[in-house]
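Undergrad: So that we are looking at the same thing, I have put the structure below in structure tokens.
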Ligand SMILES: C[S@@+](CC[C@H](N)C(=O)[O-])C[C@H]1O[C@@H](n2cnc3c(N)ncnc32)[C@H](O)[C@@H]1O
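Residue numbers (this note's numbering): 1 to 268.
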């Protein structure tokens, strides 16, 4: 186990809570769901998911750290070294991703907020709905704190809401609203967009929030889970190199599933 160890009481309880909520909010059975998740050093989420009935081949581990990815690949499990934002933006339909687990454990910076959200808006590879879990660090992150302050001022919401999961969800719906205004600029629909977005937020996306204290018992981690409904076809140009990388992962997964050329079938 490395320095960044995520096996401790409050985290273990939170992880189990999150998986239970994700399953409850999903529209399919665990064995049918495709998950893209940030793996971390010990790939603990996979153990839990498999216990809960998810298929090994449907759990796509993502990490920016190549060592962590290689460890998972050695066990013949789907894993890819990529930024989660690039993954979401460039993944195309087949199979659509049903669940995204972005256990970032970092602050809510402008990059996290904007890049993550726009990658969802731009994606053509997400199921409708996709259940999104995001976990962020509160406080102790000066950059995140600054962004959060700027945003709350810009949108005019009360900065007393310190929960980073709540803030993320508010930011997402704000950008969703802005995106819709841009798309429908000049049409009569713009009069109804506010109502549409509020309706979507409250009735359909049904966000839930939770928090826990990290290992040092000082830092608070805030999470949000909600259903995301893709906004429809986009004409965003995909990155060719990333596209090739994702195609290779898909081909490898298909071979494993179909036991082609001696590839052992998935464990479950
Ligand atoms: C908090 S850990 C995941 C822990 C895991 N969910 C668990 O409960 O054990 C986050 C992992 O994501 C990776 N990571 C952070 N931001 C990322 C990004 N934008 N794209 C890809 N990987 C990222 C980090 O290298 C780290 O290994």
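Where a beta carbon is used, it is the ideal one built from N, C-alpha and C, also for glycine. Predicted model only: the values in this text are computed from it and were never measured.
Quick check on this structure: which residue in 171, 229, 134, 135 has the alpha carbon closest to the alpha carbon of residue 147?
TA: To locate residue 147, count along the chain shown from 1; it is residue 147. Looking at the Cα atoms, 171 is the closest of the given residues.
Undergrad: Within the continuous beta strand (DSSP E) that includes residue 221, where are the two ends?
TA: As a first step, residue 221 must be located in the chain shown, where it is residue number 221. First-last of the beta strand (DSSP E) with residue 221: 220 to 228.
Undergrad: I want to check one thing, is the minimum distance from the CB of residue 164 to the heavy atoms of ligand 1 below 6 Å?
TA: Counting from 1 along the chain shown, the entry for residue 164 is found at position 164. Not so, every heavy atom of ligand 1 lies at least 6 Å from the Cβ.
Undergrad: Tell me whether residue 234 sits in a helix, a strand or coil according to DSSP, three-state version.
TA: By 1-based counting over the chain shown, the position of residue 234 is 234. The answer is coil: DSSP assigns residue 234 none of H, G, I, E or B.
Undergrad: Leaving aside the five residues before and after residue 207 along the sequence, list all residues of the same chain whose C-beta is less than 6 Å from its C-beta, in chain order.
TA: Sequence index remark: in the chain shown, residue 207 carries index 207 (1-based). The residues are 169, 224, 226.
Undergrad: Taking C-beta to C-beta, are residue 50 and residue 131 nearer than 7 Å?
TA: For the purposes of this step, residue 50 is identified with residue 50 of the chain shown, where counting begins at 1. For the purposes of this step, residue 131 is identified with residue 131 of the chain shown, where counting begins at 1. Going by C-beta atoms, residue 50 is not nearer than 7 Å to residue 131.
Undergrad: Evaluate residue 254 with the Cβ neighbour count: other Cβ atoms within 10 Å of its Cβ, from every protein chain shown; 16 or more gives buried, anything less gives exposed.
TA: Taking the chain shown and counting its residues from 1, the one referred to as residue 254 is at position 254. By the 10 Å Cβ count, residue 254 comes out exposed.
Undergrad: Hey, residue 137 and residue 107: beta-carbon distance below 7 Å or not?
TA: Position 137 of the chain shown, counting from 1, holds the residue named residue 137. Position 107 of the chain shown, counting from 1, holds the residue named residue 107. Going by C-beta atoms, residue 137 is nearer than 7 Å to residue 107.
Undergrad: Alpha carbon to alpha carbon, how far is residue 162 from residue 212?
TA: Translated into positions along the chain shown, residue 162 becomes position 162. Translated into positions along the chain shown, residue 212 becomes position 212. Spanning the two alpha carbons is a distance of roughly 14 Å.
Undergrad: Please report the Cβ distance between residue 72 and residue 36, rounded to the nearest whole angstrom; I am assuming they are in contact, meaning their Cβ atoms lie under 8 Å.
TA: Within the chain shown, the letter at position 72 stands for residue 72. Within the chain shown, the letter at position 36 stands for residue 36. Rounded, the Cβ-Cβ distance is 13 Å, inconsistent with contact.
Undergrad: Residue 101 and residue 133: beta carbons closer than 7 Å?
TA: Within the chain shown, residue 101 is the residue found at index 101, counting from 1. Within the chain shown, residue 133 is the residue found at index 133, counting from 1. For residue 101 and residue 133, yes; Cβs fall inside 7 Å.
Undergrad: Which whole-angstrom value is the C-beta distance of residue 189 and residue 139, which I expect to be below 8 Å?
TA: Indexing the chain shown from 1 puts residue 189 at position 189. Indexing the chain shown from 1 puts residue 139 at position 139. Their Cβ separation, rounded to whole angstroms, is 40 Å, which puts residue 189 and residue 139 out of contact at 8 Å.
Undergrad: For residue 176, which residues in the same chain have their Cβ closer than 7 Å to its Cβ, ignoring the five residues on either side in sequence?
TA: Counting from 1 along the chain shown, the entry for residue 176 is found at position 176. Closer than 7 Å at Cβ, skipping near neighbours: 197.
Undergrad: Give me, in chain order, the residues of the same chain whose beta-carbon lies closer than 8 Å to that of residue 13; leave out the 5 immediate sequence neighbours on both sides.
TA: Reading the chain shown from its first residue, position 13 is the one you call residue 13. Closer than 8 Å at Cβ, skipping near neighbours: 212.
Undergrad: Return helix, strand or coil for residue 258, following the three-state DSSP convention.
TA: Stepping through the chain shown from its first residue, residue 258 is reached at position 258. Here residue 258 sits in helix by DSSP.
Undergrad: Comparing alpha-carbon positions, which option in 180, 230, 183 lies nearest residue 204?
TA: Locating residue 204 in the chain shown gives position 204, counting from the first residue. Ranking the options by Cα distance to residue 204, first place goes to 230.
Undergrad: Check this for me: beta carbons of residue 135 and residue 103, under 7 Å apart or not?
TA: Against the chain shown, residue 135 aligns to sequence position 135. Against the chain shown, residue 103 aligns to sequence position 103. In contact: residue 135 and residue 103 (Cβ atoms closer than 7 Å).
Undergrad: Just the Cα atoms here: how many angstroms apart are residue 91 and residue 60?
TA: Sequence index remark: in the chain shown, residue 91 carries index 91 (1-based). Sequence index remark: in the chain shown, residue 60 carries index 60 (1-based). Roughly 12 Å separates the two Cα atoms.
Undergrad: Is the CB-CB distance between residue 80 and residue 249 below 7 Å?
TA: What you label residue 80 is simply residue 80 of the chain shown in a count that begins at 1. What you label residue 249 is simply residue 249 of the chain shown in a count that begins at 1. Cβ distance < 7 Å, so residue 80 and residue 249 count as in contact.
Undergrad: For residue 235, which residues in the same chain have their Cβ closer than 8 Å to its Cβ, ignoring the five residues on either side in sequence?
TA: For the purposes of this step, residue 235 is identified with residue 235 of the chain shown, where counting begins at 1. So no residue of the chain qualifies.
Undergrad: Does DSSP classify residue 34 as helix, strand or coil?
TA: As a first step, residue 34 must be located in the chain shown, where it is residue number 34. Residue 34: coil per DSSP, three-state reduction.
Undergrad: Excluding the 5 residues flanking residue 53 on each side, which residues of the same chain have their C-beta closer than 6 Å to its C-beta?
TA: To locate residue 53, count along the chain shown from 1; it is residue 53. Result list for residue 53: 30, 31, in chain order.
Undergrad: Alpha carbons only, please: which of 128, 218, 38 is nearest the one belonging to residue 200?
TA: For the purposes of this step, residue 200 is taken as the residue at position 200 of the chain shown. If we check each option's Cα against that of residue 200, 128 comes out closest.
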